[in-house]
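Numbering (the working numbering), first residue to last: 1 to 971.
Backbone N, C-alpha and C define an ideal beta-carbon position, used for all residues, glycine too.
Below is the structure:
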């Protein structure tokens, strides 16, 4: 019958989905079917059910204490949960059980397969990859009722998800022999690879369709808004209601995006994968905090590496499960992501999470601008206004130690406001003890919970970690009894530091003999820096290690403003600063292996392939001065690393290949292999495909007449979809940041940098209109001052020095701002700015601004503003300068002369009287030769000036006797 239906006509997507669900149920055992039908008849899954299910999976998984598979499953589970909330509307209302069925399929699959360790490892990794590209509600939710094609694509997508689950369960149903045979003859990737590829294709189509439908709807909305009365008379009540609903949804997501678009979940997933900790849940202070009937604060503190982040990640899950209806916002500050360390990012992300589940109608009264993010005041104000009254809310923040002090000051000026509202806020913070001491007064109603050094969970973690490494074979022993010695040494040496244990485990597992393991146990490092020294020494001893490559990778990862993906890192390491010719032969062929050579100091996030230091203490160690001379070759200076990455970005953006495309070749276009440029091959093939083509070349008589086009099709279109120029997005976003300390002393890259500033096609790369750059732009100077971009300030002030154009008051005020911020990015930046200011000091209005600004107006060049004004006879300028009571009137110039000395030599009586009117004037201040102003007056015959000086206390006795005689005559 099914065959007849397929032959007659293709089934509708919703029918195919229902059929796939039936086929899945058919492979279940009777008891499983009964449970599955119970789930299907229940309520659709909620947001809290996602964390609840991942917690159940991790609880059932007894592989090891320190590893959690749940975070791998979060994205796909969230996607199914979101789809379940709308799918019934798509396929016919509340009578359809599809919504809960899809969730039940995934839940049943996970519960069946979790008992099979190695298989579940592969399956959870597959679901993680699917979740990475799966369509999220925010991408299509607003449009699902508007587009039939979108609805059909979503049904097709989840039909394949159900098929994946069915295949996974069927594999488990096989006998052990059949499983082994299947694993050999048809490996996991071969079995599920085509389905994964189909899911990626449909996910892309869903996003494109949702985007197209949204644009069409907005265009239609604008058109109909201009003739609303006619439109409303033609629409049915249902259609008008749908239009209002669409508008409300659109306004909600516009509002949430104005709060934040930061991905807060990625850092939580990384932390959750490190393990689980419940050590604080039984503590009295924790119970008082979580059960409080009024707003309260719990602040845990602990030493470096004591497991604070793991505790916080576990708390997020615990709160979501224990209080499914409460508002929850959490944030993990990441040392390698500069955006996450800003108060605005933290507050905005928390607000978005706390408000994201509210009805779209809640946001109807909010007037938002799509392209204009809210500031901190607006974020907190809207949060208080929109959050339901008397609602229980949890705010959880980890890693506060990573934030700059200025950002912490901002954050702790707003957090207390959370406690002053009608909502019941439970605020949780974790940090090292010193931060709590500094900011504890900011948050009242506080419970402080210091983590003790003695921690029973460390012993449990060591047992589980050793068991895992023995099971997986990463720890090999000749004598089984050695495992007890390892355990004892780790427990005794940990001193409350999980992180220390992790690094020692990696080091021990790297040893090849029992003797080497026992030797290592006898001299375990006492602290983390000593541990890192040992890792680098081992690294230097390996013949396969390339210290220069390791150091380059360390430098780029340390300087990067956000975690780089493997592809981004690969391209960044291949850039030669100043060389604008793209040469893929300089790229590292296997960047993953290069990163792995850095051993446990770096880790690769399995979900998004980003590269991180394994802990912020590792970065601090790498950028510090080495204590062990043998590790010096691996350490980096952070300012230099920042400048070097700036040179990489600037050089990369000057490559001339970004607009080129791979020429399409005919089906029979045969070319000589030696004529194929490396650049084309690099862009066409990823690593695996390159190996395949190389093998083909090797087998064809030395590679003659190789049909490149045919081979491209042979390796498959999916591999060729890899995005070229992966580093481009990072370079565009951060090239200005990394060039703050650029200087003319690096002429090659400095000129390339200037070229980027003056290009007219740099729209999107510059925070100002490219046409605004003329080397003197007030708008650009304002941006440079606000962002402390020393290179731009230097370039603009240098150009102003050379220009004869007038200096606008706003520009002057900006330059004053440069001085008052005391930017020390260049030794001569103050001198350069001083020349600009001195050039316009005859303008009394400008001079008044200078005097009133509080600047150090004296030491601006070799002579200074005051002495220059005295020498040029500018009485008004001197009067203005002397209004400042703190003016250093007695300072000397390069010749040792004071302003009073110069005025006396010139015989400028008015200027002398003016200078003597200042209360701090030293009338007897001599120059380098010992000549006082009075001696100058006598020597030059300025009788009236000599009398004035004597009247003001000049010391006549200090003159030689012959001058004293002439002085008596003058006086």
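- Item | residue 522 versus 532, 508, 528 and 533, residue with shortest Cα-Cα distance | 508
- Query: Quick check: the region 784-802 against the region 737-745, are there 3 or more CB pairs under 8 Å?
  - Reply: yes
- Task: Return the residue from the list 374, 55 and 751 that minimises the CA-CA distance to residue 314.
- Result: 55
- Query: According to DSSP, is residue 500 helix, strand or coil?
  - Reply: helix
- Query: Contact between the region 727-738 and the region 567-575: three or more CB pairs below 8 Å?
  - Reply: yes
- 8 Å CB neighbourhood of residue 304 in its chain, flanking five on each side removed: 432, 497, 499, 528 and 617
- If you draw a straight line from the C-alpha of residue 504 to the C-alpha of residue 531, how long is it? 8 Å
- Rounded C-alpha distance that separates residue 648 from residue 577: 5 Å
- Leaving out the 5 sequence neighbours to the left and right, which residues in its chain are closer than 6 Å to residue 272 when beta-carbon positions are compared? 68, 71 and 313
- Taking the continuous alpha helix (DSSP H) assigned at residue 549, which residues delimit it? 547-559
- Spatial neighbours of residue 41 within its chain, please: CB distance less than 8 Å, with the 5 preceding and 5 following residues excluded, ordered by chain position. 97 and 100
- Message: Looking only at its chain, what residues have a beta carbon closer than 6 Å to the beta carbon of residue 752, apart from the 5 residues adjacent to it on each side?
- Response: 650 and 654
- Message: If you follow the beta strand (DSSP E) that residue 902 is in, where does it begin and where does it stop?
- Response: No beta strand (DSSP E) holds residue 902; the alpha helix (DSSP H) holding it covers 899-906.
- C-alpha distance - residue 596 paired with residue 472, whole-angstrom precision: 19 Å
- Item | Presumed contact (8 Å Cβ cut-off) between residue 494 and residue 501, rounded CB distance | 5 Å
- Just checking my contact of residue 347 with residue 380 at CB under 8 Å: how many whole Å lie between their CB atoms? 7 Å
- Task: Could you pull out every residue in the same chain whose Cβ sits closer than 7 Å to the Cβ of residue 166, ignoring the five residues on either side in sequence?
- Result: 23, 24 and 27
- Task: Indicate whether the contact test is met: 3 or more Cβ pairs, each with one atom in the region 387-404 and one in the region 319-331, closer than 8 Å.
- Result: yes
- Would a C-beta distance cut-off of 7 Å place residue 1045 and residue 549 closer than the cut-off? Coverage of the chain is limited to positions 1 through 971, which leaves residue 1045 absent and any answer about it impossible.
- Query: Taking DSSP as the reference, what is the three-state secondary structure of residue 111?
  - Reply: helix
- Task: Given a cut-off of 7 Å, decide if residue 20 and residue 163 are closer than it, judged by their beta-carbon atoms.
- Result: yes
- Task: Check the C-beta distance from residue 759 over to residue 770 and give it rounded, since I have them as a contact under 8 Å.
- Result: 6 Å
- Item | Environment of residue 345 [buried if 16+ CB atoms lie within 10 Å] | buried
- Rank 782, 553, 423 and 429 by C-alpha distance to the C-alpha of residue 293 and give the top, closest one. 423
- Task: Check each candidate in 744, 46, 490 and 447 and name the one with the smallest Cα separation from residue 465.
- Result: 490
- Assuming residue 84 and residue 45 form a contact by the criterion Cβ under 8 Å, report the distance between their Cβ atoms to the nearest whole angstrom. 6 Å
- Can you give me the Cβ contacts of residue 477 inside the same chain, cut-off strictly under 7 Å, excluding the 5 residues immediately before and after it? 483 and 514
- Query: Looking at C-alpha atoms only, which residue of 640, 516, 726 and 656 is the closest neighbour of residue 587?
  - Reply: 726
- Item | residue 622 - containing alpha helix (DSSP H), residue span | 616-622
- Query: When the Cα atoms are used, what is the spatial distance from residue 772 to residue 797?
  - Reply: 16 Å
- For residue 723, which of helix, strand or coil comes out of DSSP? Here the model assigns residue 723 a pLDDT of 47, short of 50, so the residue's position is not dependable, and the following value carries that caveat. Coil, per DSSP.
- Message: Between the alpha carbons of residue 795 and residue 744, how many angstroms are there, rounded?
- Response: 10 Å
- Task: Would you kindly work out how many angstroms separate the C-alpha atoms of residue 18 and residue 114, rounded to a whole number?
- Result: 26 Å
- Message: With three or more beta-carbon pairs closer than 8 Å as the criterion, would you say the region 382-389 touches the region 401-413?
- Response: no
- Message: Going by DSSP, what residue range makes up the alpha helix (DSSP H) through residue 738?
- Response: 728-738
- Message: Contact criterion: CB-CB distance below 7 Å. Does residue 633 meet it with respect to chain C?
- Response: No chain C appears in the structure shown, which is made up of a single protein chain.
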